[in-house]
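Counting from 81, one number per residue, gives the positions in the sequence shown under my numbering.
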Amino acid sequence: MIQILMPIAGSARPFHEMGQKFPKPLIEVLGHPMVEYAIRSSRPAGDHRFIFVTNAADRQEFHLDSVLKLLAPGCTIVQTEKPTGGALCTALLAVDHIDRAAPLLVCNGDQWVNRGIQPALDEFRTRDLDVGIVTFTSMHPRWSFVRTDEDGMVVETAEKNPISNHATVGAYYYREGDMFIRSAEKSLLKNTLVNNQFFIVPSINQLILEGARVGQYKIPNAEFHPLGIPEDVSHFLDHYQTSPLDQ
Numbered sequence: 081m082i083q084i085l086m087p088i089a090g091s092a093r094p095f096h097e098m099g100q101k102f103p104k105p106l107i108e109v110l111g112h113p114m115v116e117y118a119i120r121s122s123r124p125a126g127d128h129r130f131i132f133v134t135n136a137a138d139r140q141e142f143h144l145d146s147v148l149k150l151l152a153p154g155c156t157i158v159q160t161e162k163p164t165g166g167a168l169c170t171a172l173l174a175v176d177h178i179d180r181a182a183p184l185l186v187c188n189g190d191q192w193v194n195r196g197i198q199p200a201l202d203e204f205r206t207r208d209l210d211v212g213i214v215t216f217t218s219m220h221p222r223w224s225f226v227r228t229d230e231d232g233m234v235v236e237t238a239e240k241n242p243i244s245n246h247a248t249v250g251a252y253y254y255r256e257g258d259m260f261i262r263s264a265e266k267s268l269l270k271n272t273l274v275n276n277q278f279f280i281v282p283s284i285n286q287l288i289l290e291g292a293r294v295g296q297y298k299i300p301n302a303e304f305h306p307l308g309i310p311e312d313v314s315h316f317l318d319h320y321q322t323s324p325l326d327q
């Protein structure tokens with residue numbers, strides 16, 4: 081069984097400034113809540129279990145937990161009462177619910193990937209990788225990045241610093257849950273802050289230093305649709321007349 085950890089407790093301030101009152105996971109995009117796109121994008125073919133980390137206020141006021149249970153039956157929901165130090169800290173709140181011996185996929189909760197996650201998982205396993213990162217082509221500093229060697233193996237990761245044109249989609253595979261936990265804890269101990277926040281991608285450097293096999297799976301840009309800010313949603317609506325979830 082593979083675990084899918086999705087931290088979705090972040091702020092929706094850009095949307096709220098435009099008059100949207102719902103939390104980001106529940107913002108409707110072509111008739112579907114934003115988080116449904118992320119769930120469908122990251123749902124593997126075989127046995128799996130979703131773990132969500134949510135904002136307590138979103139559960140209490142908007143019943144986000146009820147929506148998640150409908151979209152991902154059998155899921156585990158962890159809540160945070162206040163803002164954390166970043167996505168890495170939010171994800172680590174689920175530490176007691178992660179099977180350290182089972183594969184783990186950590187995914188963003190605000191994106192749509194046309195082909196889904198299964199082709200990437202198949203390649204990561206075929207290549208016997210310890211960590212696999214889904215990427216696309218960009219040099220814009222809003223993203224996180226990986227740098228590869230001549231054999232295509234990832235030798236460095238960076239947040240909001242284009243060390244290459246291999247930008248990350250926001251889907252990170254770990255052969256074992258323990259690898260994520262260990263790298264996250266080391267990253268916190270080393271205080272690897274970026275813009276006063278802890279991010280997931282820089283923590284992978286801790287595993288690279290240990291000699292882990294880290295690789296990438298690159299997808300065409302046309303298949304990746306971020307939804308994290310209002311401009312992203314506008315681009316998505318320009319691309320789709322009806323939701324791809326209805327096709």
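Beta carbons are placed, not taken as given, at the ideal position from N, Cα and C, and that holds for glycine.
By the C-beta criterion, the segment 166 to 176 is judged to be in contact with the segment 265 to 277, since at least 3 inter-stretch pairs fall below 8 Å. Shortest Cα-Cα distance from I280 to any of A302, L201, K104 and G250 involves G250.
Secondary structure of M219 (DSSP, three-state): coil. With fewer than 16 other CB atoms across the displayed protein chains lying within 10 angstroms of its CB, K270 is exposed.
In this structure A171 is buried. Its beta-carbon is surrounded by 16 or more other beta-carbon atoms within 10 angstroms. The way I'd put it, the segment 134 to 143 doesn't touch the segment 213 to 226; fewer than three beta-carbon pairs between them come closer than 8 Å. Residue nearest to L289 within the set I309, M259 and N135 is M259 (criterion: CA-CA distance). Relative to P87, the option among R207, A238, T164 and I197 whose CA is nearest is T164. Cα atoms of F95 and H319: separation of roughly 20 Å, rounded to the nearest angstrom. Sorting H112, V294 and E108 by C-alpha distance to the C-alpha of R207 places V294 at the top. Between the C-alpha atoms of A152 and W223 there is a straight-line separation of about 27 Å. Taking 4 residues as the shortest admissible run, the segment 182 to 213 contains the following complete alpha helix (DSSP H) segments, listed from N- to C-terminal end: 198 to 206. According to the DSSP assignment, L85 belongs to the beta strand (DSSP E) that extends over I82 to P87.
V193 places its beta carbon 7 Å or farther from that of I284. Between I197 and S122, the gap from beta carbon to beta carbon is short of 7 Å.
Straight-line measurement puts the Cα of D229 at about 38 Å from the Cα of C155.
The beta carbon of T134 sits closer than 8 Å to those of I88, A89, P105, L144, D145, L148, I157, V158, Q159 and T160, all from its chain and outside the five residues before and after it, given in chain order. Counting only the Cα atoms, N276 lies some 13 Å from K240. For A238, DSSP records a beta bridge to F225. Within its own chain, the residues whose Cβ lies closer than 7 Å to the Cβ of Q286, once the five positions on either side in sequence are excluded, are S263, K266 and S267, listed in chain order. When rounded, the separation of the alpha-carbon atoms in F204 and Y252 is 10 Å. Bridge partners of F304 according to DSSP: V193. Among the bridge pairs identified by DSSP, P113 is matched with E108.
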